[in-house]
Amino acid sequence: MECENLTALSATAIEHARHPRNLGPLERFNGHARITGPCGDTMEFWLLVRDRTVQSVSYTTDGCGSSHASGSMATCLVENRAFGVAYRLCQQDILTALGGLPSAIEHCALLAANTLHAACEDYLRSVKSESQGSSAKKQACGESNETQSPPALLPGGQPDEKSLQEERLRQRLARIRHKIVVLAGKGGVGKSTVAVNLAVALRRAGKRVGLLDVDIHGPSVPTMLGLEAETVSAEGGEMVPVDLGGLKVMSVGFMLSNRDAAVIWRGPMKMGVIRQFLQDVAWGELDFLIIDSPPGTGDEPLSVCQLIGNLDGAVIVTTPQKVAAVDVRKSITFCRRLGVPVLGVIENMSGFVCPRCGVMTQILRAGAGRRMADDLAVPFLGSIPIDSTIADSCDDGQPFLQGHEDSPTAKLMHDMLIRVEEAVVGTAAAEHRLPGERSTVDFIAP
Ligand code: ADP
Numbered sequence: 001m002e003c004e005n006l007t008a009l010s011a012t013a014i015e016h017a018r019h020p021r022n023l024g025p026l027e028r029f030n031g032h033a034r035i036t037g038p039c040g041d042t043m044e045f046w047l048l049v050r051d052r053t054v055q056s057v058s059y060t061t062d063g064c065g066s067s068h069a070s071g072s073m074a075t076c077l078v079e080n081r082a083f084g085v086a087y088r089l090c091q092q093d094i095l096t097a098l099g100g101l102p103s104a105i106e107h108c109a110l111l112a113a114n115t116l117h118a119a120c121e122d123y124l125r126s127v128k129s130e131s132q133g134s135s136a137k138k139q140a141c142g143e144s145n146e147t148q149s150p151p152a153l154l155p156g157g158q159p160d161e162k163s164l165q166e167e168r169l170r171q172r173l174a175r176i177r178h179k180i181v182v183l184a185g186k187g188g189v190g191k192s193t194v195a196v197n198l199a200v201a202l203r204r205a206g207k208r209v210g211l212l213d214v215d216i217h218g219p220s221v222p223t224m225l226g227l228e229a230e231t232v233s234a235e236g237g238e239m240v241p242v243d244l245g246g247l248k249v250m251s252v253g254f255m256l257s258n259r260d261a262a263v264i265w266r267g268p269m270k271m272g273v274i275r276q277f278l279q280d281v282a283w284g285e286l287d288f289l290i291i292d293s294p295p296g297t298g299d300e301p302l303s304v305c306q307l308i309g310n311l312d313g314a315v316i317v318t319t320p321q322k323v324a325a326v327d328v329r330k331s332i333t334f335c336r337r338l339g340v341p342v343l344g345v346i347e348n349m350s351g352f353v354c355p356r357c358g359v360m361t362q363i364l365r366a367g368a369g370r371r372m373a374d375d376l377a378v379p380f381l382g383s384i385p386i387d388s389t390i391a392d393s394c395d396d397g398q399p400f401l402q403g404h405e406d407s408p409t410a411k412l413m414h415d416m417l418i419r420v421e422e423a424v425v426g427t428a429a430a431e432h433r434l435p436g437e438r439s440t441v442d443f444i445a446p
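Shown next, in the form of structure tokens:
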């Protein structure tokens, strides 16, 4: 267990490597799997599932510290949890819980997730054959043929459509390292502007980035990126995102044949579209997926947060007035109810930069967003002034941070948005920090 350099690991990973939990076979189990990964490590998992809850779980591995850390953490994440949690646990969940692993050994977490998943499949198979066996026995004895069907399997042993969709979504999201949703209490406050420029800032910082616009009633990403002529194309049953200099973009707007058309979709249809965008778009491997959510705290942002499940956090955009800040409070409450970390609040259109002399004037009473963030103890990321070049860039389909990088507003916006990345990395590490261990980003100064 000590043969690799443990100092390269996070404190949480070191702790699990040195003191692995749930190590060694279970005496009684109903799910088991053993897998040898491409690295040559062999991992084994045992499960005891009762009443659709993982009552006991254990693992072994012949690998080194990171392999033990991954196996041990995987067991901790699913023990005494619903069976579905174990079935859906993915590599990223383990990595996040460990506070990350060096990229060369991230495959240990994948091996742990795959082996646990195979043990879950084994359990499902055993339930299936048990129910068939008892059914045959009961029939032979002339008893009723009623048996409890195994979870998520059709009579032929095939997973049902819902389970297949869940699995597709799980696999798709497992390849996206960080997922950030951009929220606003109401429309017109600059949410899409922030989402687009956040994606651009991260792309320019060399990250692999996707931008998903699910603002169903006002998809403005195609206009802001000059992609109005694009439509959805499909390949091999997957929707292909538009590639804009390495930035992968998908928008509800690409689905509308007529840009002037009003979207009149009922609730379930909207949910279906959001799910499809998360599940069926060929995003590939991404470092960040930025999601431009519909405004408010209704069904659509709720779907986004629930479908993704393990969002890294939300950026909340508001304007400086007190009335807008009331919506920020609602958005923060919404995030807290759903367990979505608030990465920070951005106060947009705060002050006005004169295009002639460059002097900034406070034309609205500013500061309500900051005060609300302070009151509710969430980070305040900073303020963006009203700057006509931002509006012009949006109208011209040219990301502001790409065409005006030297302007003072662009520099300010760029630095602010890059802090979102730092907050995400900080949040992922902070969630599993040991007592006494300090985060690198405790509070993001404006
Ligand atoms: P939302 O997504 O919240 O509905 P948008 O991002 O679509 O809002 O922005 C609404 C309009 O305001 C757009 O035309 C955009 O160009 C403009 N806008 C956003 N932020 C600024 C700003 N700081 N200065 C000037 N115009 C802005």
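What the sequence shown shows, in our numbering, is residues 1 to 446, in sequence order.
We treat Cβ as the ideally placed atom computed from N, Cα and C, and that holds for glycine.
Where the beta strand (DSSP E) through residue i begins and ends
i    : result
R177 : I176 to A184
S407 : Careful: S407 lies outside any beta strand (DSSP E) and carries neither H nor E.
A391 : Careful: A391 lies outside any beta strand (DSSP E), inside the alpha helix (DSSP H) at S388 to D396.
I105 : No beta strand (DSSP E) holds I105; DSSP gives it neither H nor E.
G31  : G31 to T36
Host alpha helix (DSSP H) of residue i (start-end)
i    : result
M73  : G65 to V78
Q92  : Q91 to L98
L307 : D299 to I308
V85  : F83 to R88
I14  : A11 to R18
R371 : A368 to D375
D243 : D243 -> not in any alpha helix (DSSP H); beta strand (DSSP E) instead, spanning V242 to L244.
Within 8 Å, strictly: CB atoms of residue i and residue j
i    : j    : result
V345 : G369 : yes
P222 : E235 : no
Q92  : A199 : no
L447 : Q279 : The structure shown does not extend to residue 447, since the chain spans only 1 to 446, so no value can be given for it.
L89  : L77  : yes
L95  : E421 : no
P295 : K186 : yes
T115 : A11  : no
L307 : R337 : no
A74  : A112 : yes
V249 : V273 : no
D450 : V209 : Here the chain has residues from 1 to 446 only, and residue 450 is not among them.
L256 : L225 : no
L227 : V242 : yes
V281 : E238 : yes
L412 : I384 : yes
Y123 : G31  : yes
P355 : S407 : no
I290 : V182 : yes
A325 : M372 : yes
Opposing strand residues paired with residue i [DSSP bridges]
i    : result
T318 : E347
V49  : V54
M250 : L212
L289 : K179 and G210
E167 : The partner list for E167 (beta bridge, DSSP) is empty, contrary to what the question assumes.
S383 : E347
G236 : None, per the DSSP bridge assignment.
E44  : R34 and T60
T453 : Past the boundaries of the shown model lies residue 453; the chain is included only from 1 to 446, so the question cannot be answered.
G313 : I180
V281 : M239
L23  : Y59
V342 : A314
Exercise. Counting only runs of 4+ residues fully inside the region 181–234, write out the alpha helix (DSSP H) ranges in chain order.
Key: Correct list: 191–204 and 221–224.
Self-check item: the region 54–64 / the region 23–30 touching (three or more Cβ pairs under 8 Å)
Solution: Counting Cβ pairs under 8 Å, three or more are found: they touch.
Exercise. Would you be able to state if there are at least three C-beta pairs under 8 Å between the region 389–406 and the region 371–381?
Key: No contact exists between the region 371–381 and the region 389–406.
Quiz item: So, do the region 309–320 and the region 182–200 have three or more beta carbon pairs nearer to each other than 8 Å?
Solution: The answer is yes - the region 182–200 touches the region 309–320, with three or more Cβ pairs under 8 Å.
Quiz item: Does the region 6–17 touch the region 62–69, meaning 3 or more C-beta pairs lie closer than 8 Å?
Solution: In short, these stretches touch, since the Cβ pair count reaches three.
Quiz item: Are three or more beta carbon pairs between the region 347–364 and the region 285–302 nearer than 8 Å?
Solution: No: fewer than three Cβ pairs fall under 8 Å.
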